[in-house]
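Chemist:
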Amino acid sequence: MAIERDKILDAALAVLAEVGLDQFTTRKLADRLGVQQPALYWHFKSKSALLDALNAEMLLRYHVHHLPTPGQTWDEFTMANARSFRKALLAVRDGARINAGTHPTTREFGDAERHLQLYVDAGFSPGEAFNIAIAVTRYVVGFVLEEQGERERGDEEFWQEEDPMKEIAPFPLLSTALKPLIAGGMINTEGVFEGGLGYLLAGMRESLAAQKTKTAP
Numbered sequence: 002m003a004i005e006r007d008k009i010l011d012a013a014l015a016v017l018a019e020v021g022l023d024q025f026t027t028r029k030l031a032d033r034l035g036v037q038q039p040a041l042y043w044h045f046k047s048k049s050a051l052l053d054a055l056n057a058e059m060l061l062r063y064h065v066h067h068l069p070t071p072g073q074t075w076d077e078f079t080m081a082n083a084r085s086f087r088k089a090l091l092a093v094r095d096g097a098r099i100n101a102g103t104h105p106t107t108r109e110f111g112d113a114e115r116h117l118q119l120y121v122d123a124g125f126s127p128g129e130a131f132n133i134a135i136a137v138t139r140y141v142v143g144f145v146l147e148e149q150g151e152r153e154r155g156d157e158e159f160w161q162e163e164d165p166m167k168e169i170a171p172f173p174l175l176s177t178a179l180k181p182l183i184a185g186g187m188i189n190t191e192g193v194f195e196g197g198l199g200y201l202l203a204g205m206r207e208s209l210a211a212q213k214t215k216t217a218p
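Take the working numbering: the final residue in the sequence shown is number 218, and no numbers are missing along the way.
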C-alpha cells in the first residue's frame, strides 16, 4: 500500500531534525515510517527529489512573506521577504544547505515572477530585477549557512564559556566594531543580518535613483 506523501515529508523533517543532513538517509526515513525503502519511491524517485520536496515544504510552512502584499513598496517587500526567508531556513535543521542544493518548483517560479514584476513596476529593468532577487536570496542563504554551521560546530557554547572580547583585544578596530554586537557573551546575529541587508537596500535605491535620472527628460 502506498504511503501518503505528506506523511513522508513529516517524517523526513523529523529525521532531519534528529540527525542532520549529513546523516539523513532514505533507509532511516523508511525505518521511521515502518516501511521498506521502495515504498518511498511511489512519490519520490530519488533522494534528490525528496530533498527538493523537503525544501518546497519548508518554504510553504515557514516562509510566510514570500509574496508582496497589496500596496507594499519594493523595498518594504525586499526587507520583509529576506527576513521571512531567513526564519524559514532557520526553522529546519540544515535548512540553508537543503535550499542551496535543490531545484525550484513551479510555485517558486511563479513567486519569482511576482517578485520581478514588483521591481520592474518600480523602475528597474528585468535584468536588474533578476539580479536583485538573486543577490538577496544568496545573501540570506549564505548568512544562514554560517549561522547553522556555527550551531553544528558548537560555536555558540564556546561564546558562552569564553570572554569573546579577550581574544580580539589587541585589535582596536575589530574590538570597536564587535563590542556593540555582543550581548550576553554571544554575537547579535540579528543585528549583523539587518546591517548587511540595509547595505544591499541602499545600493538598490541608489541604482534606481541613477536609472531614473538617466531617463528623466
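We treat Cβ as the ideally placed atom computed from N, Cα and C, and that holds for glycine.
From a predicted model like this one, the values you see are computed outputs, not experimental measurements.
For L202, which residues in the same chain have their Cβ closer than 8 Å to its Cβ, ignoring the five residues on either side in sequence?
Modeler: D76, T79, M80
Chemist: Quick check: the segment 164-171 against the segment 113-124, are there 3 or more CB pairs under 8 Å?
Modeler: no
Chemist: Counting C-beta neighbours from all protein chains within 10 Å, is the total for F159 16 or more, i.e. buried, or is it exposed?
Modeler: Note that F159 scores a pLDDT of 47, beneath 50, so its modelled location is shaky; the value from the coordinates is reported in the next line. Here F159 is exposed. Its C-beta has fewer than 16 other C-beta atoms within 10 Å.
Chemist: Kindly indicate if chain D contains any beta-carbon less than 8 Å away from that of S126.
Modeler: Going by chain labels, chain D is absent from the structure shown, which holds only one protein chain.
Chemist: In chain order, what are the residue ranges of uninterrupted alpha helix (DSSP H) at least 4 long that sit wholly in the segment 80-116?
Modeler: List check, alpha helix (DSSP H) in window: 96-101.
Chemist: Give the DSSP-derived three-state secondary structure of I135 in the structure shown.
Modeler: Reduced to three states, the DSSP call for I135 is helix.
Chemist: Give every residue of the same chain whose Cβ lies closer than 6 Å to the Cβ of E157, excluding the five residues on either side of it in the sequence, and list them in chain order.
Modeler: Low local confidence applies: a pLDDT of 49 at E157 is under 50, so the model's placement there is unreliable, with the coordinate-based value given in what follows. Excluding positions up to five away in sequence, the list is empty.
Chemist: Tell me where the alpha helix (DSSP H) around K48 begins and ends.
Modeler: 48-63
Chemist: Just tell me which of A113, H67, G143, E114 has its CA closest to the CA of G102.
Modeler: G143
Chemist: What first and last residue would you give for the alpha helix (DSSP H) that runs through P173?
Modeler: 173-179
Chemist: Please return the same chain residues whose Cβ sits closer than 8 Å to the Cβ of E58, not counting the five positions on each side in sequence.
Modeler: L10, L14
Chemist: State the DSSP-derived secondary structure class of V16, mapped to helix, strand or coil.
Modeler: helix
Chemist: Just reading off the alpha helix (DSSP H) that Q37 is part of, what are its end residues?
Modeler: Neither: Q37 is in no alpha helix (DSSP H) and is coded neither H nor E.
Chemist: By DSSP, does I9 sit in helix, in strand, or in coil?
Modeler: helix
Chemist: My assumption, with CB atoms under 8 Å, is that L41 sits in contact with L30. Please give the rounded CB distance.
Modeler: 7 Å
Chemist: Pull the bridge partners of I188 from the DSSP assignment, please.
Modeler: Its beta-bridge partners are I183.
Chemist: Can you tell me whether DSSP reads F159 as helix, strand or coil?
Modeler: Here the model assigns F159 a pLDDT of 47, short of 50, so the residue's position is not dependable, and the following value carries that caveat. Here F159 sits in helix by DSSP.
Chemist: Return the chain-ordered list of same chain residues with a C-beta closer than 7 Å to the C-beta of Q16, the five sequence neighbours on each side being excluded.
Modeler: In the sequence as displayed, the identity of residue 16 is Val instead of Gln. If we look at V16 and ignore the five residues flanking it on each side, its Cβ neighbours are F25, K29, L30, R33.
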